[in-house]
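For reference, the structure is listed below as structure tokens.
4 protein chains.
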Amino acid sequence: MAVLGATGSVGQRFVARLADHPWFELRVVTASDRSAGRPYREAVNWLQTEPLPAVAADLVVGETSPDGAPDCPLVFSALDSSVAGTAEQAFARAGRLVVSNSRNHRMDPDVPLLVPEVNPDHLALAELQDRGGGAILTNPNCSTIGLVLALKPLVDAFGVEEVHVVTLQALSGAGVPGVPGVQVVDNVIPFIPGEEEKMETETGKILGRLRGSAIEPSAVRVSAACNRVPVIDGHQECVSVRLQRPATVDELKEAWRGFRGEPQRLGLPTAPRPAIHYLDDEAAPQPRLHRDLGQGMAAVVGRARPCPILDYKFVTLSHNTLRGAAGGAILVAELAVERGLPERLPLG
Amino acid sequence: MAVLGATGSVGQRFVARLADHPWFELRVVTASDRSAGRPYREAVNWLQTEPLPAVAADLVVGETSPDGAPDCPLVFSALDSSVAGTAEQAFARAGRLVVSNSRNHRMDPDVPLLVPEVNPDHLALAELQDRGGGAILTNPNCSTIGLVLALKPLVDAFGVEEVHVVTLQALSGAGVPGVPGVQVVDNVIPFIPGEEEKMETETGKILGRLRGSAIEPSAVRVSAACNRVPVIDGHQECVSVRLQRPATVDELKEAWRGFRGEPQRLGLPTAPRPAIHYLDDEAAPQPRLHRDLGQGMAAVVGRARPCPILDYKFVTLSHNTLRGAAGGAILVAELAVERGLPERLPLG
Amino acid sequence: MAVLGATGSVGQRFVARLADHPWFELRVVTASDRSAGRPYREAVNWLQTEPLPAVAADLVVGETSPDGAPDCPLVFSALDSSVAGTAEQAFARAGRLVVSNSRNHRMDPDVPLLVPEVNPDHLALAELQDRGGGAILTNPNCSTIGLVLALKPLVDAFGVEEVHVVTLQALSGAGVPGVPGVQVVDNVIPFIPGEEEKMETETGKILGRLRGSAIEPSAVRVSAACNRVPVIDGHQECVSVRLQRPATVDELKEAWRGFRGEPQRLGLPTAPRPAIHYLDDEAAPQPRLHRDLGQGMAAVVGRARPCPILDYKFVTLSHNTLRGAAGGAILVAELAVERGLPERLPLG
Amino acid sequence: MAVLGATGSVGQRFVARLADHPWFELRVVTASDRSAGRPYREAVNWLQTEPLPAVAADLVVGETSPDGAPDCPLVFSALDSSVAGTAEQAFARAGRLVVSNSRNHRMDPDVPLLVPEVNPDHLALAELQDRGGGAILTNPNCSTIGLVLALKPLVDAFGVEEVHVVTLQALSGAGVPGVPGVQVVDNVIPFIPGEEEKMETETGKILGRLRGSAIEPSAVRVSAACNRVPVIDGHQECVSVRLQRPATVDELKEAWRGFRGEPQRLGLPTAPRPAIHYLDDEAAPQPRLHRDLGQGMAAVVGRARPCPILDYKFVTLSHNTLRGAAGGAILVAELAVERGLPERLPLG
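Residue numbers (our numbering), protein chains in the order written: chain A, 213 to 560; chain B, 213 to 560; chain C, 213 to 560; chain D, 213 to 560.
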């Protein structure tokens, strides 16, 4: 198995989490030409709090091309969006199963945008791809994942018509260098380029229905306002929803607390148990206290209360670089493997 | 003129801004019994970035009672809400004009809740008070002020039916000690006790109509979600509004940019000019960059854009301890003085 | 085994780390009278990032007295210094082995101030205590521990005459509430009450020699300047040392890298391996990246280079609430148990 | 008068402070070729808290060459060090008086490194420059300025032999982008490239003596350890000094409090009065509270106390982008103008 773009911040998270994965063996790391040929430990400016895994340290960084990753039917892409589009397509053409965290192919009609607890059935769309034998699976934007995880039990139980979300997003979501330090201390930045549009469109696709060879987007209306706050990890979101059917606050809490998704049913290695934590403390969730629940893979919900305009308000939190990036993509791959997708390659 | 509760953080702001006020002369500072009798410079733990004003340094701290503030027809109250209710009432009974930043009397039916640019006509309510000759005027909660300032031009031009607001509020709003430092670094707290209720009810009163001897609240529906963020000063708010009459984004911007309130027309000393700044930069406003516009007395608006659920979204920022506390109360007093209210005491 | 003062921030860390300790079984938690009689999960405002351990959740909080902790020969004290002095003495009188994180008894002539890697032989002092059968062992101040850990290999190899240390200390060291949030954002506070004196005197005692029934303090001269910085956990220290014997930078690095202390030799459960990490990166150590090395029990050293005034400069980092508080005290207890001290109670 | 490199963060500070300078008229702003030809308000990403001055807004950005700044005998350089060396030399050759904040020429033997309160007599060195008629004056590194300001009264009164300094430096000192935001929250970085060397060598030159046509460096020994902390503006420094002659703490405080430098005697427009504030509060100075004293031009000193290794310890603070950059350079220019240097051009 390979990690493309392994030296960047998302790439490092892939390496950290794949180092001792029970199913996947990290064999290849790729990066830009500048780094190719050097041992990973020298090519990377390792910024994770866990030490660089021994299994990765001595891997020689390869070029980001199918030839650079032989014997890797499964590849994770942490490529920058400036190069991910073409590179991922090349890997798919070479018969590989690409699980990507980049935004380039997310809205392609034949590419599933997967949150395994939310729309596992969309995986079937991958089998209809005509990309030369391989396939591309994608992970949503980090701010979308926490939202749809929190919405899913409500969609199932009551239906959701409208979603108003204001985010307080962590700095790590912008990568490195991201936002300059001098702009984040004693400050909040009320704009993240492209983020509101991504949340508004990706949510519709994820909550949509697979009809024949296409996803019919959900009719849910989403309004997003995105802010960057001085938090390292953890995207917090203030959500108001209009439901299709009446519900009480207690029924909402039951829906969250009783939720089990497909990854939990299948016992996938990276699946958090539970997928959603509902906290009763009136001042919860908080990024620093709760982002690591479920090894950073869970959504954490709190403060459910009536909304004078829509029906209910609540707060949701998820770890943007674990659940929202590398961890989420790994869970997608686990779902695909459990469902036997790699064995059915080449497709088409 | 006197400042009640002059040693606290809001009280210090009053002292700082009244030290060289062209109309008002700071003669009396009061505090709890523990501090009474000591020179102000010794009794206070001065935490402002400007030096302690010379005019205040040697004032002997008095007790918080009308007798402790003789010859002060005008008193500003920065008292803690645990004592403000009774103390302010006592001053009013003694014939004084009390301008209060505390929450105790804000929702009293005979007490105007004033933002001079928004509802200057509510001042007339004070003349109907039957509190023994004096009167109480109040300033809204710091998060409400920025909101109603930004709403006012829209209310006037298009009507506003619904307001959905999510706040990112500064630490200074909680006073000292307020939130412990260990809870604010790398964190966001999604709950401020009582704050959402205050925003939802105060907005209706301020935007209401004076009918006879009472305020008829506005029918506007307000939904507030309040967060504490690691920012020193400046409450930022993500607002969505539903209008009564159609408008374009450009018309909204014109409404904000063309707005002049009564304080601007009267040329009150503390009135910011303009009252509202609309910024075109897509990443504005930001607390650290823009909270001091108009000497911290202006509202700063930006990012007006359509809202897929209500009609429009925008961001507003105002300085919570200047406009939102001491400065706002001083502007209320200036309006009252300009309108001759002190000369008409005793009332009733 | 009992934890005294279990609801405070250090107490919570004790509970978190003792919940699954291989040797010690958490049976009793005590707190102030206000909390006594309630289940721990209700009495505590749990602020740790790990969930409240199940083993502690339902323990009924007891009073802080020997009767409140029957069958607990070993007690950990996280008591506030306002009550620790008397309470710990009472437990010692009742024949218990008290391992304390409080400062009250640290400088008592008959109480060892222990960092197990540095002065394990001082443990013998406990056997000479005449406190009614039990004994008190103490853990140094959180800023002292990281310093003496980093100094120990230099003391052993080259001798250390002078130590100049400037600290950049984390907020968690001040407990909750500690420093108000409004004072820590965009700021540094160059004063921590009593801290410089503690570092200067405790270092001499820890590096001193056990002679008969007393510790002869080391002749090392220490100058400390202590600062509070907006960091959650991890005390970073800029150290300059004058050595007794000449050494090269490489020899210093070898001394740190080759160091093994008694806890490492004994394989104590909480002992970090290695005890000291020397990092070559010129921008290391950093609190957020490196405080958790060795499960927060290691000292992390970097940037060794010549000092134009003393001989060498370097930077050291240690986790103030893990190594510097609960974890350090647990390691002290492990050393005492391994050496058979509890079996030799009652003493004297 | 011209500002070279006017769009960068230091350049913006020059523009902000020169806009209403009583002596200097801002006529020309230059930047890289990319920006040349555009109005300043469009070319700049204005990040100051004060609004962009009207006088600068419509200036057309020129190329950074003497021809691009005709009729400007005085030029301020905020150029990046990658281009400052050559460009400043070209301006000097063209007969201009260059006052530079860049490091390139600071250690040139014929270039004075000026802090007007400390070494105003070094200005005479400029007249000996043989650079084609003009001259280059430089401003020290932002961390050096605060140090030498605080040292100067001690040097004059008692002599200073050794200086041990540990800095806690603000983010703005690194410019934009500088340190990534994700690395500064909940963190401290114990390394600033080149900074320690600059402090150690610049201090010797500034405190040196002008002998004939050269500066004889002071014999003072300086050891610097530099840290970046999450503070926006204000470099705080923990200093220990060894004096040549004995002194008491009170004598030190008197030396600081009684200090008047040449800019204060001459009444230069940008000179702070006093140049040095000594604060008695045991927790002072603090960057957020005290960096703006003297309009950000003063040094703020506190916590003088004995040092067990050297003689005394204290803390000093100065505003790194005001005193430490643009403001300091403007004060240098004021001194040069007051002394008639521009009239004596061309030199040589």
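By construction, the Cβ of each residue, glycine as well, lies at the ideal position given by its N, Cα and C atoms.
By the DSSP assignment, the alpha helix (DSSP H) with residue i in it spans what residues?
{"i": "Q381/D", "result": "No alpha helix (DSSP H) contains Q381/D, which is instead part of the beta strand (DSSP E) from 372–381."}
{"i": "I418/A", "result": "407–418"}
{"i": "R421/D", "result": "Here R421/D belongs to no alpha helix (DSSP H); instead the beta strand (DSSP E) covers 421–423."}
{"i": "L464/A", "result": "461–469"}
{"i": "R472/D", "result": "Unbroken run through R472/D: none, as it is neither H nor E."}
{"i": "V176/A", "result": "Absent from the model: residue 176/A. The displayed extent of chain A is 213 to 560, so no value can be given."}
Examine chain D for any beta-carbon lying closer than 8 Å to the beta-carbon of residue i, and answer yes or no.
{"i": "N399/C", "result": "yes"}
{"i": "D504/B", "result": "yes"}
{"i": "I444/A", "result": "yes"}
Please check the pair residue i and residue j, which I expect to be a contact at CB under 8 Å, by giving their CB distance rounded to whole angstroms.
{"i": "L547/B", "j": "P332/B", "result": "6 Å"}
{"i": "P285/C", "j": "L557/C", "result": "7 Å"}
{"i": "C450/C", "j": "N439/D", "result": "7 Å"}
{"i": "N399/D", "j": "R500/C", "result": "4 Å"}
{"i": "A290/A", "j": "N313/A", "result": "6 Å"}
{"i": "G540/B", "j": "N351/B", "result": "5 Å"}
{"i": "A281/B", "j": "T219/B", "result": "With a Cβ gap of about 15 Å, A281/B and T219/B do not count as contacting."}
So is residue i in contact with chain E if we call contact Cβ pairs under 8 Å?
{"i": "S384/D", "result": "The structure shown contains no chain E; its protein chains are A, B, C and D."}
How far does the beta strand (DSSP E) with residue i in it reach, from first residue to last?
{"i": "Q448/C", "result": "447–455"}
{"i": "S435/C", "result": "433–440"}
{"i": "E428/C", "result": "426–428"}
{"i": "V215/B", "result": "214–216"}
{"i": "T491/D", "result": "The residue asked about is misnamed: residue 491/D is Leu in this sequence, not Thr. 488–491 is the extent of the beta strand (DSSP E) around L491/D."}
Flag residue i as yes if its beta-carbon sits less than 8 Å from any beta-carbon of chain C, otherwise no.
{"i": "G416/B", "result": "no"}
{"i": "D525/D", "result": "Here residue 525/D is Lys; the residue named in the question, Asp, does not match the sequence. Chain C contact via Cβ: present."}
{"i": "S435/D", "result": "yes"}
Please decide whether residue i counts as near chain B, where near means a Cβ-Cβ distance under 8 Å.
{"i": "V441/A", "result": "yes"}
{"i": "I427/C", "result": "no"}
{"i": "Q224/C", "result": "no"}
{"i": "P389/C", "result": "yes"}
{"i": "V256/A", "result": "no"}
{"i": "F403/A", "result": "yes"}
{"i": "Q395/C", "result": "yes"}
{"i": "A545/A", "result": "no"}
At least one CB of chain A closer than 8 Å to the CB of residue i: is that the case?
{"i": "T261/C", "result": "yes"}
{"i": "L501/C", "result": "yes"}
{"i": "S221/B", "result": "no"}
{"i": "Q301/B", "result": "no"}
{"i": "S452/B", "result": "yes"}
{"i": "P520/D", "result": "no"}
{"i": "P392/D", "result": "yes"}
{"i": "D448/B", "result": "Looking at the sequence shown, residue 448/B is not Asp but Gln. Yes, because at least one Cβ of chain A sits closer than 8 Å to the Cβ of Q448/B."}
Hey, would you say the C-beta of residue i is under 7 Å away from at least one heavy atom of the ligand ADP?
{"i": "A511/B", "result": "The ligand ADP is absent from the structure shown, which contains no ligands of any kind."}
3-residue-minimum beta strand (DSSP E) runs that sit fully inside the segment 503–549 of chain A, ordered along the chain: 511–518, 524–530
Any 3 or more C-beta pairs closer than 8 Å across the segment 429–436 of chain C and the segment 518–532 of chain D: yes
Sequence ranges, beta strand (DSSP E) only - wholly within the segment 226–293 of chain D, length at least 3: 240–243, 286–289
Any 3 or more C-beta pairs closer than 8 Å across the segment 334–351 of chain B and the segment 462–471 of chain B: no
Continuous alpha helix (DSSP H) assignments of at least 4 residues falling wholly in the segment 292–379 of chain A: 293–305, 354–370
Sufficient close CB pairs (3 or more, under 8 Å) joining the segment 475–495 of chain C to the segment 383–398 of chain C: no
Inter-stretch contact (C-beta, 8 Å, three-pair minimum) for the segment 261–278 of chain D and the segment 286–306 of chain D: yes
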